[in-house]
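Number of protein chains: 2
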Amino acid sequence: MNVLIVFAHPEPQSLNGALLRSAVRQLEAAGHSVQVSDLYAMGFKATLDAEDFPPGDGPFDPSLASLEGLDSGEQHPQISAEQAKLDWADALILQFPLWWFSLPAILKGWVERVYAYGFAYGVGEHSDQHWGDRYGEGRMAGKRAMLLVTTGGWESHYSARGINGPIDDLLFPIHHGVLHYPGFDVLPPFLVHRTSRVDEARFAQIEAQLGERLASLFSAAPIPFRRQNGGDYAIPALELKPEHKPGAGGFGIHLAD
Amino acid sequence: MNVLIVFAHPEPQSLNGALLRSAVRQLEAAGHSVQVSDLYAMGFKATLDAEDFPPGDGPFDPSLASLEGLDSGEQHPQISAEQAKLDWADALILQFPLWWFSLPAILKGWVERVYAYGFAYGVGEHSDQHWGDRYGEGRMAGKRAMLLVTTGGWESHYSARGINGPIDDLLFPIHHGVLHYPGFDVLPPFLVHRTSRVDEARFAQIEAQLGERLASLFSAAPIPFRRQNGGDYAIPALELKPEHKPGAGGFGIHLAD
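Here the protein sequences come in this chain order: A and B.
When the first sequence is numbered by my numbering, its final residue is 1572 and no position is left out of the sequence of numbers.
When the second sequence is numbered by my numbering, its final residue is 1572 and no position is left out of the sequence of numbers.
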């Protein structure tokens, strides 16, 4: 199978760099084809702006410009190249250090630029039964995705009662809003906490655990996010219907009963 | 008082541009001094990388490099300038369109670069009673902060049972993790939903509501996030002690009882 790893760390001689090389080695040993988008090494442009597209007439509208760029092919070559890699991939791995509880800017910019209108959103019909091909449908349907995330903080700081907030909730905007949205099946994340305390012995453990996760990349059960157009949500309000998780709110209700 | 607005939209002739000009006008009319960091207009560098600092010897460590840059002053002039604006400000407003459920990359990069080690994190002693000056303490203590956020989606899509997730939960990593962390008192956000449907009449309404919020910028009650070192959390596990919100988990438990 084809695996795309999008990697967002500035230093190859880092824990993240070592994990990347290990992931590539283990995936290739299992017979997969791997492409790596090493965003820092590529000098990836982080900012979505008018320079991504041919000069236009009126004010710059990032959505419309990205739609026109996608249709005409007149978009920054980095955007076209990354879109082609996504179409090629059977699985996507986003690898990054958790900076300020979210994606590093260079990877957030990858999402903003590559996820063009007509490519990752604004796809499909909008009616009373169907509100676009999104949240479980879309161009990435049938593909799998997984986050590989490192944190400096301790695991307990990211636990259900930890001060940073539970890691599953911190990652929900990425799992649900960036990956489930255009159709990926999203696997539970692979997490490495307290990165300053990784010695050789712990690295060997982590590498073995990563190998197990990569070995089940195409067989493990994904996070059971609900499909937007599967009947669970009222359209167009897009609120979960009262018969599901009655009275409850929050991120957790978007997991299947 | 001194107000810093950090603005992250690429087009001045946009709803966000109009809201920015309105905010500046209303704040200045009330006697405040206002500085605007218009990140796109400034060509703000979005990516934290080795080019922000003098050449080093070993592998690039973003945290240590930022600490050394802060101490020596040898850091990218954009970083020094924004740090000086934060020190000057009595209140910070981050204004942005919600892109993929989070900060636009250019604003995320502002956080990563300006929030140096020793400036916004890694401050204060670490002991059994005190785990750094953070989450309610730190260099920004005594200052206020507020988000001004626009979304294309409907308000119901961001409600307690809305498919995108509740807006308060989507913004928690910013409110709590980016603003409360270095000590800001964080006000409830000012939100504008369904931006494609803002005509002149609705803009006049929004502008009036924004004026009311800006008029209470220095008097409104902040979100009552708990202080990390106030006794509610076990140190160093940093989990909420069992007597508070017993048995509960998630972002909501970090609000005072």
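Using N, Cα and C, we set each Cβ at its ideal position, and we do this for glycine too.
It should be emphasised that the depicted structure is a prediction, and the values quoted were computed from it without experimental measurement.
Open item on the list: Does leucine 1570 of chain A pass the burial test, meaning 16 or more other C-beta atoms within 10 Å, or should it be called exposed?
Closed with: Position 255 of the first sequence, counted from the first residue, corresponds to residue 1570 of chain A. Exposed, since its Cβ has fewer than 16 Cβ neighbours within 10 Å.
Open item on the list: Can you pull out the residues from the segment 1436 to 1458 of chain A whose beta carbon lies closer than 8 angstroms to at least one beta carbon of chain B?
Closed with: Tyr1450
- [ ] Return the CA-CA distance between tryptophan 1469 of chain B and isoleucine 1482 of chain B, expressed in angstroms with no decimal places.
- [x] Numbered from 1 along the second sequence, position 154 holds the residue referred to as residue 1469 of chain B. Numbered from 1 along the second sequence, position 167 holds the residue referred to as residue 1482 of chain B. One C-alpha to the other measures close to 11 angstroms.
Task: Simplified DSSP assignment, three categories, for tyrosine 1548 of chain B - done: Numbered from its first residue, the second sequence carries residue 1548 of chain B at position 233. Residue state, collapsed to three classes: strand.
Task: Three CB pairs or more closer than 8 angstroms across the segment 1430 to 1445 of chain B and the segment 1355 to 1366 of chain B - done: The segment 1430 to 1445 of chain B is not in contact with the segment 1355 to 1366 of chain B.
Task: Proximal residues, the segment 1461 to 1475 of chain A versus chain B, C-beta separation under 7 angstroms - done: Of all residues in the segment 1461 to 1475 of chain A, only Ser1471, His1472, Ser1474 and Ala1475 come within less than 7 angstroms of chain B when Cβ atoms are compared, listed by chain position.
Task: Candidates A:Pro1392, A:Phe1411, A:Gly1371 and A:Asn1544: closest to proline 1497 of chain A by CA position - done: Counting from 1 along the first sequence, the entry for residue 1497 of chain A is found at position 182. Per the Cα distances, A:Asn1544.
Open item on the list: By the three-class DSSP mapping on this structure, what secondary structure does leucine 1418 of chain A have?
Closed with: Walking along the first sequence from the start, residue 1418 of chain A turns up at place 103. Leucine 1418 of chain A falls in the coil class under three-state DSSP.
Task: Contacting residues, own chain, Cβ-Cβ under 6 angstroms from alanine 1323 of chain B (five flanking each side not counted) - done: Translated into positions along the second sequence, residue 1323 of chain B becomes position 8. Counting only Cβ-Cβ distances below 6 angstroms, and skipping sequence neighbours, we find Leu1354, Phe1411, Pro1419, Ile1421 and Leu1422.
Task: Beta-carbon neighbours of leucine 1553 of chain A, restricted to chain B and to distances below 7 angstroms - done: The residue labelled residue 1553 of chain A in the question sits at position 238 within the first sequence. Going along chain B in sequence order, the residues near leucine 1553 of chain A (Cβ under 7 angstroms) are Ser1471, His1472, Gly1477 and Ile1478.
Open item on the list: I believe serine 1606 of chain B touches leucine 1553 of chain B by the beta-carbon criterion, under 8 angstroms. Please report the beta-carbon distance rounded to the nearest angstrom.
Closed with: Examination of residue 1606 of chain B is not possible in this model, given that chain B is present from 1316 through 1572 alone.
Open item on the list: Going by DSSP, what residue range makes up the beta strand (DSSP E) through arginine 1459 of chain A?
Closed with: The sequence position of residue 1459 of chain A within the first sequence is 144, counting from 1. Arginine 1459 of chain A -> beta strand (DSSP E) spans 1459 to 1465.
TODO: Find out if the Cβ-Cβ distance for the pair histidine 1391 of chain A, arginine 1340 of chain A is shorter than 9 angstroms.
DONE: Here residue 1391 of chain A refers to the residue found at position 76 of the first sequence. Here residue 1340 of chain A refers to the residue found at position 25 of the first sequence. No Cβ-Cβ contact shorter than 9 angstroms links histidine 1391 of chain A with arginine 1340 of chain A.
Task: Segments of 3+ residues assigned as beta strand (DSSP E) that fall wholly inside the segment 1467 to 1546 of chain B - done: 1505 to 1507
Task: Closer than 9 angstroms at the beta carbon, the chain B residues around serine 1395 of chain A - done: Start at 1 with the first residue of the first sequence, and residue 1395 of chain A comes out as number 80. Within chain B, no C-beta atom comes less than 9 angstroms from the C-beta of serine 1395 of chain A; the nearest is roughly 19 angstroms away.
Task: isoleucine 1394 of chain A - containing beta strand (DSSP E), residue span - done: For this step, residue 1394 of chain A is matched to residue 79 along the first sequence. Secondary structure note for isoleucine 1394 of chain A: it is in no beta strand (DSSP E), and the uninterrupted alpha helix (DSSP H) holding it is 1392 to 1403.
Open item on the list: Can you list, in chain order, the residues of its chain with a C-beta nearer than 7 angstroms to that of histidine 1631 of chain A? Leave out the 5 residues immediately preceding and following it.
Closed with: Because residue 1631 of chain A is not part of the residues shown, which for chain A are 1316 to 1572, the question remains open.
- [ ] Out of B:Pro1377, B:Trp1415 and B:His1441, point me to the one whose CA is closest to alanine 1431 of chain B's CA.
- [x] The count along the second sequence starts at 1 and reaches residue 1431 of chain B at position 116. When the alpha-carbon of alanine 1431 of chain B is set against those of B:Pro1377, B:Trp1415 and B:His1441, the nearest one is in B:Pro1377.
Open item on the list: Distance check for leucine 1494 of chain A and leucine 1463 of chain A, CA to CA, integer angstroms please.
Closed with: Within the first sequence, residue 1463 of chain A is the residue found at index 148, counting from 1. Within the first sequence, residue 1494 of chain A is the residue found at index 179, counting from 1. Counting only the Cα atoms, leucine 1494 of chain A lies some 13 angstroms from leucine 1463 of chain A.
- [ ] Find the residues of chain A that neighbour glutamine 1328 of chain B, judging by a C-beta separation of less than 7 angstroms, and give them in chain order.
- [x] Position 13 of the second sequence, counted from the start, is the residue given in the question as residue 1328 of chain B. From the beta-carbon of glutamine 1328 of chain B, the residues of chain A found nearer than 7 angstroms are Pro1374.
TODO: Give the residues of chain A in contact with glutamine 1543 of chain B, contact being defined as C-beta atoms less than 8 angstroms apart.
DONE: As a working mapping, residue 1543 of chain B is identified with position 228 in the second sequence. The contacting residues are Ile1478.
- [ ] Return helix, strand or coil for phenylalanine 1566 of chain B, following the three-state DSSP convention.
- [x] Position 251 of the second sequence, counting from 1, holds the residue named residue 1566 of chain B. Here phenylalanine 1566 of chain B sits in helix by DSSP.
TODO: Within its chain, find whatever has a CB closer than 8 angstroms to the CB of aspartate 1572 of chain B; leave out the 5 residues flanking it on each side and keep chain order.
DONE: Numbered from its first residue, the second sequence carries residue 1572 of chain B at position 257. Within the same chain, aspartate 1572 of chain B has close Cβ partners His1559 and Lys1560.
Task: aspartate 1426 of chain A at chain B interface by Cβ criterion, 9 angstroms - done: Numbered from 1 along the first sequence, position 111 holds the residue referred to as residue 1426 of chain A. Aspartate is not the amino acid found at residue 1426 of chain A; the sequence shown has valine there. Yes, valine 1426 of chain A counts as interfacial toward chain B.
Open item on the list: Which runs of the beta strand (DSSP E) at least 3 residues long sit entirely within the segment 1316 to 1343 of chain B? Give them in chain order.
Closed with: 1317 to 1322
Task: Whole-number beta carbon distance between leucine 1555 of chain B and arginine 1509 of chain A, since they are thought to touch under 8 angstroms - done: Along the first sequence, read from residue 1 onward, the residue named residue 1509 of chain A stands at position 194. Along the second sequence, read from residue 1 onward, the residue named residue 1555 of chain B stands at position 240. Actually they do not touch by this definition, with Cβ atoms about 20 angstroms apart.
Task: First through last residue of the alpha helix (DSSP H) which encompasses serine 1578 of chain A - done: Residue numbering for chain A in the displayed model covers 1316 to 1572; residue 1578 of chain A lies beyond these limits and cannot be assessed.
Open item on the list: Whole angstroms are fine: how far does the CA of arginine 1542 of chain A sit from the CA of valine 1513 of chain B?
Closed with: Locating residue 1513 of chain B in the second sequence gives position 198, where the first residue counts as 1. Locating residue 1542 of chain A in the first sequence gives position 227, where the first residue counts as 1. Valine 1513 of chain B and arginine 1542 of chain A: Cα-Cα distance of roughly 30 angstroms.
TODO: Give the straight-line distance between the Cα atoms of glutamate 1397 of chain B and isoleucine 1478 of chain A, rounded to the nearest whole angstrom.
DONE: What you label residue 1397 of chain B is simply residue 82 of the second sequence in a count that begins at 1. What you label residue 1478 of chain A is simply residue 163 of the first sequence in a count that begins at 1. The C-alpha of glutamate 1397 of chain B lies about 28 angstroms from the C-alpha of isoleucine 1478 of chain A.
TODO: Using 10 angstroms around the beta-carbon of tryptophan 1403 of chain A, count the other beta-carbons present and answer buried if the total reaches 16, otherwise exposed.
DONE: In the first sequence, counting from the first residue as 1, residue 1403 of chain A sits at position 88. Under this definition tryptophan 1403 of chain A is an exposed residue.
Open item on the list: Whole angstroms are fine: how far does the CA of glycine 1546 of chain B sit from the CA of glycine 1437 of chain A?
Closed with: For the purposes of this step, residue 1437 of chain A is taken as residue 122 along the first sequence, with counting starting at 1. For the purposes of this step, residue 1546 of chain B is taken as residue 231 along the second sequence, with counting starting at 1. Taking the straight line joining both Cα atoms gives about 48 angstroms.
Task: CA-to-CA distance, serine 1352 of chain A to asparagine 1358 of chain A, given in whole angstroms - done: The residue labelled residue 1358 of chain A in the question sits at position 43 within the first sequence. The residue labelled residue 1352 of chain A in the question sits at position 37 within the first sequence. The sequence as given places glycine at residue 1358 of chain A; asparagine does not occur at that position. Those two C-alpha atoms are separated by around 10 angstroms.
TODO: Kindly indicate which three-state DSSP category alanine 1365 of chain A falls into: helix, strand or coil?
DONE: One-based indexing of the first sequence puts residue 1365 of chain A at position 50. Helix at alanine 1365 of chain A.
Open item on the list: Strictly below 7 angstroms CB to CB, what residues from chain A border proline 1481 of chain B?
Closed with: On the second sequence, residue 1481 of chain B is found 166 positions in, with the first residue counted as 1. What proline 1481 of chain B touches in chain A: Gly1564 and Gly1565.
Open item on the list: Just to make sure I have the definition right: I need the residues of chain B whose C-beta is within less than 9 angstroms of the C-beta of glycine 1492 of chain A. Which are they?
Closed with: If you number the first sequence from 1, residue 1492 of chain A lands on position 177. Per Cβ cutoff of 9 angstroms: Trp1415, Phe1416, Ser1417, Asn1479, Gly1480 and Leu1485.
TODO: Examine chain B for any beta-carbon lying closer than 9 angstroms to the beta-carbon of serine 1337 of chain A, and answer yes or no.
DONE: As a position in the first sequence, residue 1337 of chain A is number 22, starting the count at 1. Taking CB atoms only, serine 1337 of chain A has no neighbour in chain B less than 9 angstroms away.
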